[in-house]
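> Once you've had a glance at the structure underneath, I'll fire off some questions.
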Amino acid sequence: MSLPEITDRDTWLKARRALLEEEKAHTRARDALNTRRRELPMVEVTEDYRFAGPDGEVTLAELFGGYRQLVVNHVMFDPAWDEMCPSCSAGIREWSPGTREHLRSRDTEQVFVSRAPYEKLAAWKEKVGWTIPWYSSSDSTFNADFGVTVDVSGDTMHYNYRDDPTWEGAEGTQELPGFSAFLRVDDRVFHTYSSYARAAEWFGGSFAYLDLTALGRQEDWEQPEGRAESVRAGIPVFD
């Protein structure tokens, strides 16, 4: 087994401080990237998407629950499947109601959407004891329109904004992972961002989701200025 080098505390501290400089550079580069993400243009969603949930049918605007922003977790659960994707399941197990509570404190709602009928989603939630806000898009083109139900027939498939080779022998459609962010302005809904594939690996806290949204973390130090009033006035921000 290969283990780290054993050294004295002073040598370790010198190496740790050197690494800290790289980490700070990475943090500032990430902040700059998040600024460019917030500066992306947005596209109005005019399709009348409908979703099935615990209280019946709802629209995309109703998924916001009165909040200004919406983050949708695209969960892989094909209508023909009896069980959901194991990797999506593992990710959801890391979710907690506290994440949703923190997002809501920043005027952002979070829901999970799959293409399987709601009856299957509800049965799976009961089986594993989940309380996630989970909706079915089975009666709409929502999943395909937002790039997570993908045609894998032929030589290439379009996923994550590029054409990739399909899996050998694959046919029909395939459910794939992703996240999408939306902004509500009065009675209008806009699509501001989506990410797919390995971009989902580091999601585990609300700041990760907020960094994908048009309003960001809503801190005074974020650019561009004037996007949203800070909800953390008087709370120190550490670099």
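If you want our numbering, it's the 1-based position in the sequence shown plus 10.
Where is the CB? At the ideal position from N, CA and C, for every residue including glycine.
Small disclaimer: the values here were computed from a predicted structure and weren't measured.
Where does S99 sit, in a helix, a strand or coil, going by DSSP?
Reduced to three states, the DSSP call for S99 is helix.
> Helix, strand or coil: which one does DSSP assign to T56?
Reduced to three states, the DSSP call for T56 is coil.
> To which residues of the same chain is W134 closer than 7 Å at the C-beta, ignoring the five residues directly before and after it?
M94
> Within a Cβ cutoff of 7 Å, which residues of the same chain sit near D196, ignoring the five residues on either side of it in sequence?
none
> My guess is that V162 and W177 are in contact by the Cβ rule of under 8 Å, so how many angstroms apart are they, rounded?
That pair is a contact at about 6 Å.
> For the 8 Å Cβ check, are there 3 or more pairs between the region 110 to 120 and the region 78 to 86?
yes
> Tell whether a beta-carbon distance below 8 Å holds between Q228 and T45.
Cβ distance not < 8 Å, so Q228 and T45 don't count as in contact.
> Among Y219, G236, E235, which has the Cα closest to the Cα of S115?
Y219
> Would you tell me roughly how many angstroms separate the C-alpha atoms of R5 and W22, rounded to the nearest one?
For the chain, the structure presents residues 11 to 249; residue 5 sits outside this window and is missing.
> Tell me the DSSP secondary structure of A126 in three-state form.
When DSSP states are grouped into helix, strand and coil, A126 belongs to the coil group.
> Measuring straight from C-alpha to C-alpha, what distance separates R237 and G108?
25 Å
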